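Which chain is which? The protein sequence lines are A and B, in order.
Numbering follows the numbering used here, with no gaps: position 39 of the first sequence is 39.
Numbering follows the numbering used here, with no gaps: position 324 of the second sequence is 324.
Worksheet for the structure shown next.
2 protein chains.
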Amino acid sequence: MDDRTANILRAAQSVGASWALLSAPDTVAYAARHVAGIETGPSPFDGGPTLALVGPDGQIHITCNELEAGLSSDANRAYSYVSLGFSDLRPITARYGDALRAMLDATKPTGGVAIEARCCPAVVVEALMPFGAVAPFDVALDRTRSIKTAPEIEALRQCARITADGQNAVADAVRAGDAELTAWRDIRLAMEIAAGTRLPVAGDFVTGRARTALIGGPPTDRLMARGDPVISDLAPRVNGYWGDSCRTGCIGHVSEDLRKMHALTHDAYQMVRDTLRPGISAHDFDAPLRAMILDAGYSNSIHMGHGIGTSVHEWPRLVPGEQAMLRPGMVLMVEPGAYHPDVGGVRLEQMFLITEDGHEVLSPFEIPQEMPVI
Amino acid sequence: MDDRTANILRAAQSVGASWALLSAPDTVAYAARHVAGIETGPSPFDGGPTLALVGPDGQIHITCNELEAGLSSDANRAYSYVSLGFSDLRPITARYGDALRAMLDATKPTGGVAIEARCCPAVVVEALMPFGAVAPFDVALDRTRSIKTAPEIEALRQCARITADGQNAVADAVRAGDAELTAWRDIRLAMEIAAGTRLPVAGDFVTGRARTALIGGPPTDRLMARGDPVISDLAPRVNGYWGDSCRTGCIGHVSEDLRKMHALTHDAYQMVRDTLRPGISAHDFDAPLRAMILDAGYSNSIHMGHGIGTSVHEWPRLVPGEQAMLRPGMVLMVEPGAYHPDVGGVRLEQMFLITEDGHEVLSPFEIPQEMPVI
Chain A
1 MDDRTANILR AAQSVGASWA LLSAPDTVAY AARHVAGIET GPSPFDGGPT LALVGPDGQI
61 HITCNELEAG LSSDANRAYS YVSLGFSDLR PITARYGDAL RAMLDATKPT GGVAIEARCC
121 PAVVVEALMP FGAVAPFDVA LDRTRSIKTA PEIEALRQCA RITADGQNAV ADAVRAGDAE
181 LTAWRDIRLA MEIAAGTRLP VAGDFVTGRA RTALIGGPPT DRLMARGDPV ISDLAPRVNG
241 YWGDSCRTGC IGHVSEDLRK MHALTHDAYQ MVRDTLRPGI SAHDFDAPLR AMILDAGYSN
301 SIHMGHGIGT SVHEWPRLVP GEQAMLRPGM VLMVEPGAYH PDVGGVRLEQ MFLITEDGHE
361 VLSPFEIPQE MPVI
Chain B
1 MDDRTANILR AAQSVGASWA LLSAPDTVAY AARHVAGIET GPSPFDGGPT LALVGPDGQI
61 HITCNELEAG LSSDANRAYS YVSLGFSDLR PITARYGDAL RAMLDATKPT GGVAIEARCC
121 PAVVVEALMP FGAVAPFDVA LDRTRSIKTA PEIEALRQCA RITADGQNAV ADAVRAGDAE
181 LTAWRDIRLA MEIAAGTRLP VAGDFVTGRA RTALIGGPPT DRLMARGDPV ISDLAPRVNG
241 YWGDSCRTGC IGHVSEDLRK MHALTHDAYQ MVRDTLRPGI SAHDFDAPLR AMILDAGYSN
301 SIHMGHGIGT SVHEWPRLVP GEQAMLRPGM VLMVEPGAYH PDVGGVRLEQ MFLITEDGHE
361 VLSPFEIPQE MPVI
């Protein structure tokens, strides 16, 4: 049985269930390496969310529309329904219901089914009722996913490499007088060419004092100018896993205020390299970094980092009050940043694997000590 | 009361309910002009889907994460919960549940609530139970949305304009020797610059005989070559509404086989202009177009068109067997195409408003009679 499958079943057992039913794009990708398109929202050809049912024997069964039937790398059987085709013109919810019931009739998931409260549809819970109890396991699932398997770490390394291709394209892509969206176009292309396909890309691309001081946001038609700080926070999804990253540079010229802000953020980055290890809590890791930034007169109102995997933000979050312990096998984004309305913002972010005695940097790009001129 | 609100309540009443609860990104956008990002999948900062509750008095209430609290143009009140913030570290499903219950306690939706079977979570139905019955109304909602209100038609006109900016960028963007993704980058940018923001973009960008013969697909790292047919099917979402469109050209040189295929598809387009009017069924509209393509020895295994609005594909679909009548106020994409494995594919698509006595073309770009050289 695959390690991820064992993780899912262990999480199900923690709520008294023998089976697990996943119903979100990221958890279905986690369970079955079933990676569907997400860039245009839920498919209009879906009668309900794609489902992955994991049995106590480790077998994985999928309910999905006909277009996705061949997507699962790890599923043992897909129960699909007519969607883009038109051989069945009944309401799509009826077609989905038939595929779901076919899956349940074939598998007979008795002994309790763990579901995701955040997304499991009422019609799915209703269809499960004849087989026994259902129990939500969102929290247990989040926690079990935080320890990555060896193949997951390889997948995240690949994401980190393609993310680095994006970061390394920033200097050529950014030109004073162009719109942020024009630079974003070229940065995104560098990652898409490296992957050979369109990629969902999360993150931020903000330029200038006012926008960078607000931490993040999508690129707009704002025209970039000499002296502008540029926060490029790039997070592509590649084969179902996410990369993430951030660097900050200045166009043509670095002001003294921004030079100081970058130097302080680089000091925080050095503290990350000195302190990131297993056995420290998220709270205790975050606290001195946050204090360093606030003591210097800057703000940092967001998390200092987060897990990453088939979701771009996973448990644990590196925030005040979070008592989760960092453990070997976690892959964490760490992103110290400093922000000030009169200066702008700087953020530096890499991907880290927590090892038995410290960490390994998975992001193959440099974090420069001096604020780079781009 | 807004026409869309009245439409939603009428659909709810058709299943015996006084209230309606929407839970998909496109239906929440329809109800409340609440347009959330969709490009990176469901937000990791959501404890459940954003909800729009429409009351019999026409008031609209939203449950959403704190980042979306200001998004709704038309909602009367948003009930939000801590998401990206970290002042509340309880499980996000608990925070979502609190916001949902606050909305229900304030509104007391008695008299029946219509829900969407395809996406309404079990936890939401459970929270509704104390107030009375729930009933699915997916089919009724799909049908009521098909007749667009005057503001919706204006929104779709804007989408059609921005889509045309994309189509008009194709000729400059496509260069033999470049990857499809490189052309896509420039076409996408033309639409994003016109909108001033990142846009979700659905559709197809396929080049060469083999790929165009398969109707569609996303752009890849395939290098384009002289003589290649190019199908550019562009569908951006702008302010919550979708555009769609398709043209087909050839790089540098048009073969005789492709010239004939385009001429036949243009004949089909002319038949669309001659026959698209209210009072004809989707089946009867589709049939002669489909026959014309098949009789010429080509295939067309997809729909001849579809509704469009806050979803890129809406009811009715223009397919064999669909008895829905075309009615004034519908906005339809019509997309005759011809495909052959030995030749490639050609598709031509514009956006049409069904009027009282015929139709109006909403797409402000030309459909050339001769296959264009690009």
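The beta carbon of each residue, even a glycine, is placed where N, CA and C say it ideally should be.
Predicted, not measured: the structure shown is a model, and the values here were computed from it.
Closest by CA to I374 of chain B, which one among B:R188, B:N168, B:D138 and B:G55? Mapped onto the second sequence, residue 374 of chain B falls at position 374. The candidate whose alpha carbon is nearest that of I374 of chain B is B:N168.
Excluding the 5 residues flanking L141 of chain B on each side, which residues of the same chain have their C-beta closer than 6 Å to its C-beta? Within the second sequence, numbered from 1, the residue matching residue 141 of chain B stands at position 141. Hits under 6 Å: A11.
Do we get a CB-CB distance below 7 Å when we pair R101 of chain B with the residues of chain A? As a first step, residue 101 of chain B must be located in the second sequence, where it is residue number 101. Taking CB atoms only, R101 of chain B has no neighbour in chain A less than 7 Å away.
Around the Cβ of T110 of chain A, are there at least 16 other Cβ atoms within 10 angstroms (buried) or fewer (exposed)? Within the first sequence, numbered from 1, the residue matching residue 110 of chain A stands at position 110. Burial call: exposed.
F285 of chain B to T275 of chain B span [Cα, whole Å]: For the purposes of this step, residue 285 of chain B is taken as the residue at position 285 of the second sequence. For the purposes of this step, residue 275 of chain B is taken as the residue at position 275 of the second sequence. Between F285 of chain B and T275 of chain B, the C-alpha separation is close to 7 Å.
Return the residue from the list A:S232, A:E356, A:R226 and A:A150 that minimises the CA-CA distance to D186 of chain A. Here the question's residue 186 of chain A lines up with position 186 in the first sequence. D186 of chain A has its Cα closest to that of A:S232, out of A:S232, A:E356, A:R226 and A:A150.
Would you give the residue range spanned by the beta strand (DSSP E) that H306 of chain A belongs to? Position 306 of the first sequence, counted from the start, is the residue given in the question as residue 306 of chain A. Segment G305 to G307, the beta strand (DSSP E) holding H306 of chain A.
Assess contact between the segment 165–182 of chain A and the segment 126–143 of chain A, defined as three or more Cβ pairs (one per stretch) separated by less than 8 Å. Is contact present? no
Please state whether the Cβ-Cβ distance between I8 of chain B and A24 of chain B is less than 7 Å. Position 8 of the second sequence holds residue 8 of chain B. Position 24 of the second sequence holds residue 24 of chain B. No, these two residues do not count as a Cβ contact at 7 Å.
Sequence-distant residues of its chain with Cβ nearer than 8 Å to I293 of chain B (five each side left out): The residue given as residue 293 of chain B occupies position 293 in the second sequence. Hits under 8 Å: L264, T265, A268, S299, N300, P336, G337 and A338.
Pull up the DSSP beta-bridge partners for Y96 of chain A, would you. As a position in the first sequence, residue 96 of chain A is number 96, starting the count at 1. Y96 of chain A pairs with nothing; no bridge assigned.
Could you list which residues in chain B have their beta carbon closer than 7 Å to that of E39 of chain A, in chain order? Position 39 of the first sequence holds residue 39 of chain A. Under the 7 Å cutoff, chain B gives E39 and P200.
Using a C-beta to C-beta distance shorter than 8 Å, which residues of chain B count as neighbours of I193 of chain A? In the first sequence, counting from the first residue as 1, residue 193 of chain A sits at position 193. Near I193 of chain A (Cβ distances below 8 Å), the residues of chain B are A179, L181, T182 and D221.
Give the secondary structure of T248 of chain A by DSSP, where H, G and I count as helix, E and B as strand, and everything else as coil. Residue 248 of chain A sits at position 248 when you count from the first residue of the first sequence. Strand.
Would you mind reading off the limits of the alpha helix (DSSP H) that contains C159 of chain A? Locating residue 159 of chain A in the first sequence gives position 159, counting from the first residue. Element bounds for C159 of chain A: A150 to A173.
Neighbour list for C120 of chain B in chain A, Cβ cutoff strictly below 9 Å: For this step, residue 120 of chain B is matched to residue 120 along the second sequence. Near C120 of chain B (Cβ distances below 9 Å), the residues of chain A are P121, A122 and V123.
Opposing strand residues paired with E366 of chain B [DSSP bridges]: Reading the second sequence from its first residue, position 366 is the one you call residue 366 of chain B. BP columns for E366 of chain B are empty, so no partner.
Secondary structure at E126 of chain B, three-state DSSP: helix, strand or coil? Position 126 of the second sequence holds residue 126 of chain B. Three-state result, E126 of chain B: helix.
Which residue wins for smallest C-alpha separation from P49 of chain A, given the options A:D257, A:L71 and A:N65? Taking the first sequence and counting its residues from 1, one reaches residue 49 of chain A at position 49. With distances taken between Cα atoms, P49 of chain A lies closest to A:N65.
Limits of the unbroken alpha helix (DSSP H) element including G378 of chain A: Lying before the first or after the last residue shown, residue 378 of chain A is absent from chain A, which here runs from 1 to 374.
Give the residues of chain A in contact with V139 of chain B, contact being defined as C-beta atoms less than 9 Å apart. Along the second sequence, read from residue 1 onward, the residue named residue 139 of chain B stands at position 139. The contacting residues are P91 and T93.
Starting from the Cα of G41 of chain A, find the closest Cα among B:V54, B:D26, B:L189 and B:F45 and give me that residue. Residue 41 of chain A sits at position 41 when you count from the first residue of the first sequence. Ranking the options by Cα distance to G41 of chain A, first place goes to B:D26.
With a 10 Å radius around its C-beta and 16 neighbouring C-beta atoms as the bar for buried, classify P316 of chain B as buried or exposed. Against the second sequence, residue 316 of chain B aligns to sequence position 316. The residue is buried, with at least 16 neighbouring Cβ atoms inside 10 Å.
Considering only C-alpha positions, which residue in the set B:E370, B:M371, B:E366 and B:E360 is nearest to R157 of chain B? Counted from its first residue, the second sequence places residue 157 of chain B at position 157. When only C-alpha atoms are compared, the closest one is B:E360.
Since C120 of chain B and P121 of chain A are thought to touch, with beta carbons under 8 Å apart, how far apart are those beta carbons, to the nearest angstrom? Stepping through the second sequence from its first residue, residue 120 of chain B is reached at position 120. Stepping through the first sequence from its first residue, residue 121 of chain A is reached at position 121. That belief holds up - the Cβ atoms of C120 of chain B and P121 of chain A are roughly 6 Å apart, short of 8 Å.
On a Cα-Cα basis, can you pick out the residue from A:A296, A:V206, A:G358 and A:V272 that is closest to G279 of chain A? Taking the first residue of the first sequence as 1, we reach residue 279 of chain A at position 279. With distances taken between Cα atoms, G279 of chain A lies closest to A:G358.
Assuming A99 of chain B and S80 of chain B are in contact, meaning their beta carbons sit under 8 Å apart, how far apart are those beta carbons, in whole angstroms? Sequence index remark: in the second sequence, residue 99 of chain B carries index 99 (1-based). Sequence index remark: in the second sequence, residue 80 of chain B carries index 80 (1-based). About 6 Å separates the two Cβ atoms, so the contact holds.
Taking G112 of chain B and A17 of chain B to be in contact with their CB atoms under 8 Å, please state how far apart those CB atoms are, rounded to whole angstroms. As a working note, residue 112 of chain B is residue 112 in the second sequence. As a working note, residue 17 of chain B is residue 17 in the second sequence. Correct: roughly 4 Å between the Cβ atoms.
Tell me, which residues are paired with E360 of chain B by DSSP? The count along the second sequence starts at 1 and reaches residue 360 of chain B at position 360. Partner(s): B:L353.
C-beta neighbour in chain B for G216 of chain A, strict 7 Å: Position 216 of the first sequence, counting from 1, holds the residue named residue 216 of chain A. With 7 Å as the cut-off, G216 of chain A does not count as an interface residue toward chain B.
State the DSSP-derived secondary structure class of R317 of chain B, mapped to helix, strand or coil. Mapped onto the second sequence, residue 317 of chain B falls at position 317. For R317 of chain B, the secondary structure class from DSSP, reduced to helix, strand or coil, is strand.
For a test of the three-state rule: what should DSSP assign to V139 of chain A, helix, strand or coil? Indexing the first sequence from 1 puts residue 139 of chain A at position 139. V139 of chain A falls in the helix class under three-state DSSP.
At a Cβ threshold of 7 Å, is L189 of chain A touching chain B? Here residue 189 of chain A refers to the residue found at position 189 when the first sequence is read from its first residue. Yes, because at least one Cβ of chain B sits closer than 7 Å to the Cβ of L189 of chain A.
Buried or exposed: where does Q350 of chain B fall if 16 or more other Cβ atoms within 10 Å of its Cβ makes it buried? The sequence position of residue 350 of chain B within the second sequence is 350, counting from 1. Buried is the call here.
So what's I38 of chain A in DSSP terms, helix, strand or just coil? Locating residue 38 of chain A in the first sequence gives position 38, where the first residue counts as 1. Here I38 of chain A sits in coil by DSSP.
Sort B:M330, B:P56 and B:E39 by Cα distance to I308 of chain B and report the nearest one. Here residue 308 of chain B refers to the residue found at position 308 when the second sequence is read from its first residue. Of the listed residues, the one whose Cα sits closest to I308 of chain B is B:M330.
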